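So the structure is just underneath, and the comments pick up after that.
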Amino acid sequence: MAGVTIRDLRKAYGGLEVLHGVNIDIADGQFVVLVGPSGCGKSTLLRMLAGLESITAGTIQIGDRVVNNLAPSERDIAMVFQNYALYPHKTVAANMGFPLKMRGMAKNEINSRVERAADILGLKPYLDRYPRALSGGQRQRVAMGRAIVRDPQVFLFDEPLSNLDAKLRVQMRTEIRELHQRLKTTTVYVTHDQIEAMTMADRIVVMRDGHIAQQGAPLELYDRPANTFVAAFIGSPSMNLLPGVVGAGGGSVEVDGTAIAVPPRQGMDPGRKVIVGIRPEHLSIASSGITATVVVIEPTGSETHVVLRLGSRELTAVFRERHAFRPGDTVTLAPDPTVIHLFDEATGDRIG
Amino acid sequence: MAQARSHLGRTIAAHAVLITYTLIALFPVFVIVINSMKSRKAIFAEPLALPRSDTFDLIGFTTVLQQGDFFLYFLNSLIVTVASLFFVLLFGAMAAFALSEYRFKGNTLMGLYLALGIMIPIRLGTVAILQMMVAAGLVNTLTALILVYTAQGLPLAVFILSEFMKQVSDDLKNAGRIDGLSEYRIFFTLVLPLVRPAMATVAVFSMIPIWNDLWFPLILAPSEATKTITLGSQVFIGQFVTNWNAVLAALSLAILPVLVLYLVFSRQLIRGITAGAVK
Chain B
230 MAGVTIRDLR KAYGGLEVLH GVNIDIADGQ FVVLVGPSGC GKSTLLRMLA GLESITAGTI
290 QIGDRVVNNL APSERDIAMV FQNYALYPHK TVAANMGFPL KMRGMAKNEI NSRVERAADI
350 LGLKPYLDRY PRALSGGQRQ RVAMGRAIVR DPQVFLFDEP LSNLDAKLRV QMRTEIRELH
410 QRLKTTTVYV THDQIEAMTM ADRIVVMRDG HIAQQGAPLE LYDRPANTFV AAFIGSPSMN
470 LLPGVVGAGG GSVEVDGTAI AVPPRQGMDP GRKVIVGIRP EHLSIASSGI TATVVVIEPT
530 GSETHVVLRL GSRELTAVFR ERHAFRPGDT VTLAPDPTVI HLFDEATGDR IG
Chain F
121 MAQARSHLGR TIAAHAVLIT YTLIALFPVF VIVINSMKSR KAIFAEPLAL PRSDTFDLIG
181 FTTVLQQGDF FLYFLNSLIV TVASLFFVLL FGAMAAFALS EYRFKGNTLM GLYLALGIMI
241 PIRLGTVAIL QMMVAAGLVN TLTALILVYT AQGLPLAVFI LSEFMKQVSD DLKNAGRIDG
301 LSEYRIFFTL VLPLVRPAMA TVAVFSMIPI WNDLWFPLIL APSEATKTIT LGSQVFIGQF
361 VTNWNAVLAA LSLAILPVLV LYLVFSRQLI RGITAGAVK
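Sequences listed follow chains B and F, in order. Each residue of the first sequence is one higher than the one before, counting from 230 in my numbering. Each residue of the second sequence is one higher than the one before, counting from 121 in my numbering.
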């Protein structure tokens, strides 16, 4: 096992640069999730790590080896792909044993490793089947099995759960996490789903347009997003972002004529244009505060999402308790002042 | 009900069209086969009649089979067709793989260049090809024919196969790379099996014109030892007298090998189609 160090990594296709100097340090045994909207460069980064994409500039180090010019098979990595990429004409056992066979490992050693992996993943009864006779979840397990048997230094996952249905996805999420806790192999996992990122990661790297928007522990990103992009990307429903102006004294922000009290912090010059960020679950019914009109009510059972209109803006609130709202009702909401986020309107960066 | 009936009506109409077409297409073949088994007089008296006991005569077949070289002609045709097909499929698939898999400068131009041969008939270059073969000392060899037919078949093969290869999952190829497969093994063991239906299609399309060709055998390899079946059949067609029994019998026999090859490939074709449908 080994850590991964990525230094000032750049990727350009012709004149078009898609990764603009990315730095990531992954400690040995860490589970890192790269997350971002499509086109942000997360998959490119993973493929460069795997050796499937050339490196324009910068270095990638696995353990203490610089792997820039090594072929994928020499990097001691294993990758799990979105559409499983199982060899259609090989049985499950042959699929899992294939990478070992390619390295000239002895047959009985291969068999014992495949058996062990099949045991871990509950694939024992399916070893003689062909991939076409397996369900999506089973295929994904075989793909993971093929990665496990190699006992690589790093696991790479490329959106492995995107093709599964919602229920199976949640189940596999737990399984992958459990597997990682058991094997403690350094893992880099790419997804566009922030819930996957939040639930699975030791550390999340949020990417945007070829830059790293923020990296840190899941709750760190949730509690202290570095900019409006991360603030809106992490969390569901996403954070309410309301543009406003800092009021006199710096203790409040004026949003569409409503003053929202914010705790004092650095850089709150009166008149500065800012964006107030309020998580939907930090809004509660109060006697005074923001007055808004109910537009849509979405009960999920455990909680209720309420979409409201505030002037020309939409606002989302989440309540655990069940209020008897109806569309068209006017309600007054107060944000929890201790967890209000503030961002600069021009740069989108966090204030304080 | 109404919907079911219109569905049935449409099915019948579709089948009627297809059956009519099949009949039209098969009719000449049918006439050749029945007449090959009739006496010369009966062929001219009633060309469309089935052979009866009094008109039944296998003289055509015996003439053809007694003409000792006929098996050699058959063999020549078979060697040329199979070898050309092999090279068309091999090189066509390799070129298609390169075009669809690797990003390089002039990729699209190269693809267009390779496909250009679909629109330009190779026979336009006959004189140049003949000069080339003479210079290379390949006149009157089967190699000459195999080379020409390989060139003739490649454009369509590259064109069809590169489209199909683009559909082969990138992830699969990448998984192979990570497992340490060389590009050659990725091509032969992962990609080729997956485009087998397309290969069968290309094989069928390339095979028929090669088997039926008279032009190049006549020009490049007319010697007794290298005659193909189509060329060999011509001995029965004279300027003044044509041995129709023998010609028809030779043509009937010439259908058989190509029919067998077609059946082999078409089974692949159908298997490929149903495998896709069931999945």
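Quick reminder that beta carbons are idealized off the backbone N, C-alpha and C, glycines included. Being a predicted model, the structure only gives us computed values, none of them experimental.
Can you check DSSP and say which residues form a bridge with residue i?
i         : result
B:Glu-425 : None; B:Glu-425 has no bridge partner.
B:Asn-456 : B:Asp-578
F:Ile-306 : In DSSP, F:Ile-306 forms no bridge with anything.
B:Arg-538 : B:Thr-522 and B:Glu-543
B:Leu-263 : B:Val-419 and B:Val-434
B:Val-475 : B:Val-482
B:Phe-548 : B:Thr-533
B:Thr-561 : B:Thr-520
B:Pro-528 : B:Thr-533
F:Phe-176 : F:Lys-158
B:Val-503 : B:Gly-473 and B:Asp-573
B:Gly-445 : B:Ile-433
B:Leu-329 : None; B:Leu-329 has no bridge partner.
B:His-440 : B:Arg-437
F:Leu-86  : Since the first residue shown for chain F is 121 and the last is 399, residue 86 of chain F is missing from the structure and cannot be characterised.
Looking only at C-alpha atoms, which of the options sits nearest to residue i?
i         : options                                       : result
B:Leu-352 : B:Gly-486, B:Gln-367 and B:Arg-361            : B:Gln-367
B:His-534 : B:Val-547, B:Val-524 and B:Val-523            : B:Val-547
F:Leu-373 : F:Ile-357, F:Val-361, F:Ser-386 and F:Ser-353 : F:Ser-353
B:Leu-263 : B:Ala-372, B:Thr-420 and B:Tyr-359            : B:Thr-420
B:Met-325 : B:Ala-460, B:Asn-298, B:Asp-380 and B:Arg-538 : B:Asp-380
F:Ser-302 : B:Gln-410, B:Leu-471, B:Thr-529 and B:Pro-328 : B:Pro-328
B:Phe-458 : B:Gly-577, B:Thr-234, B:Val-295 and B:Glu-425 : B:Gly-577
B:Arg-398 : B:Val-383, B:Asp-422, B:Pro-301 and B:Ala-455 : B:Asp-422
B:Arg-508 : B:Pro-301, B:Leu-471, B:Thr-285 and B:Ala-362 : B:Leu-471
B:Thr-285 : B:Ala-347, B:Arg-236, B:Gly-480 and B:Val-383 : B:Arg-236
F:Ala-248 : F:Ala-162, F:Thr-309 and F:Phe-336            : F:Phe-336
F:Thr-362 : F:Phe-164, F:Pro-313, F:Ala-341 and F:Thr-140 : F:Phe-164
B:Arg-606 : F:Ile-298, F:Ile-139 and F:Thr-246            : Absent from the model: residue 606 of chain B. The displayed extent of chain B is 230 to 581, so no value can be given.
B:Asp-573 : B:Ser-541, B:Gln-495 and B:Arg-406            : B:Gln-495
With a cut-off of 8 Å on the beta carbons, I'd call residue i and residue j a contact; round off their distance for me.
i         : j         : result
B:Val-503 : B:Ile-580 : 7 Å
B:Arg-402 : B:Leu-390 : 7 Å
B:Gly-292 : B:Gly-244 : 34 Å between Cβ atoms; not a contact.
B:Pro-492 : B:Val-524 : Not a contact, Cβ separation roughly 30 Å.
B:Val-484 : B:Pro-499 : Not quite, the Cβ-Cβ distance comes to about 15 Å (not below 8 Å), so this is no contact.
F:Asn-332 : F:Thr-309 : That pair is no contact at about 34 Å.
B:Val-247 : B:Gly-270 : 5 Å
B:Pro-204 : B:Arg-361 : Nothing about residue 204 of chain B can be read from this structure; chain B reaches only from 230 to 581.
B:Gly-374 : B:Leu-350 : 5 Å
B:Arg-538 : B:Thr-522 : 5 Å
B:Thr-415 : B:Val-378 : Wrong, their Cβ atoms sit about 17 Å apart, outside the cutoff.
Which residues mark the beginning and the end of the beta strand (DSSP E) in which residue i is found?
i         : result
B:Met-308 : 306 to 309
F:Ala-216 : No beta strand (DSSP E) contains F:Ala-216, which is instead part of the alpha helix (DSSP H) from 190 to 221.
B:Phe-384 : 383 to 387
B:Glu-344 : From DSSP, B:Glu-344 is part of no beta strand (DSSP E) but of the alpha helix (DSSP H) over 336 to 350.
B:Tyr-242 : 233 to 242
B:Arg-437 : 432 to 437
B:Ala-286 : 286 to 291
B:Val-251 : 245 to 255
State the start and end residues of the unbroken alpha helix (DSSP H) segment that holds residue i.
i         : result
B:Ala-300 : It is not in any alpha helix (DSSP H) - B:Ala-300 carries neither H nor E in the DSSP assignment.
B:Ala-395 : 395 to 412
B:Lys-271 : 271 to 279
B:Pro-493 : No alpha helix (DSSP H) contains B:Pro-493, which DSSP labels as neither H nor E.
F:Asn-227 : 227 to 235
B:Gln-367 : 365 to 377
F:Thr-270 : 262 to 286
F:Ala-255 : 246 to 256
F:Leu-340 : 335 to 340
F:Ile-328 : 316 to 332
Check whether the stretch 557 to 573 of chain B touches the stretch 514 to 531 of chain B, taking contact to mean three or more Cβ pairs, one atom from each stretch, closer than 8 Å. Segments in contact, yes.
Could you say if the stretch 300 to 311 of chain B and the stretch 337 to 345 of chain B meet the contact criterion of at least three C-beta pairs nearer than 8 Å? Flag = no, the stretch 300 to 311 of chain B and the stretch 337 to 345 of chain B do not touch.
Would you call the stretch 431 to 442 of chain B in contact with the stretch 267 to 277 of chain B, where contact means no fewer than 3 C-beta pairs closer than 8 Å? The stretch 431 to 442 of chain B vs the stretch 267 to 277 of chain B: in contact.
Do the stretch 279 to 293 of chain F and the stretch 303 to 323 of chain F make contact, defined as three or more Cβ pairs closer than 8 Å? Contact between the stretch 279 to 293 of chain F and the stretch 303 to 323 of chain F is present, because at least three Cβ pairs lie under 8 Å.
Do the stretch 362 to 376 of chain B and the stretch 391 to 398 of chain B meet, that is, are 3 or more Cβ pairs less than 8 Å apart? The stretch 362 to 376 of chain B and the stretch 391 to 398 of chain B touch, with no fewer than 3 CB-CB distances between them shorter than 8 Å.
Does the count of Cβ pairs from the stretch 250 to 263 of chain F and the stretch 216 to 232 of chain F closer than 8 Å reach three? In short, these stretches do not touch, since the Cβ pair count stays below three.
Quick check: the stretch 267 to 279 of chain F against the stretch 201 to 217 of chain F, are there 3 or more CB pairs under 8 Å? As far as the Cβ criterion goes, the stretch 267 to 279 of chain F touches the stretch 201 to 217 of chain F, which means the pair count is three or higher.
With a cut-off of 8 Å, do at least 3 Cβ pairs link the stretch 177 to 190 of chain F to the stretch 364 to 372 of chain F? Contact holds: three or more Cβ-Cβ distances are below 8 Å.
I want to know whether the stretch 190 to 209 of chain F touches the stretch 320 to 338 of chain F - three or more CB-CB distances under 8 Å. Contact between the stretch 190 to 209 of chain F and the stretch 320 to 338 of chain F is present: three or more C-beta pairs spanning the two stretches fall below 8 Å.
Check whether the stretch 188 to 203 of chain F and the stretch 343 to 363 of chain F are in contact - that is, three or more C-beta pairs closer than 8 Å. The stretch 188 to 203 of chain F and the stretch 343 to 363 of chain F touch, with no fewer than 3 CB-CB distances between them shorter than 8 Å.
Report yes or no: do three or more beta-carbon pairs, one from the stretch 286 to 297 of chain F and one from the stretch 267 to 274 of chain F, lie closer than 8 Å? Because the criterion of three Cβ pairs below 8 Å is not met, the stretch 286 to 297 of chain F and the stretch 267 to 274 of chain F do not touch.
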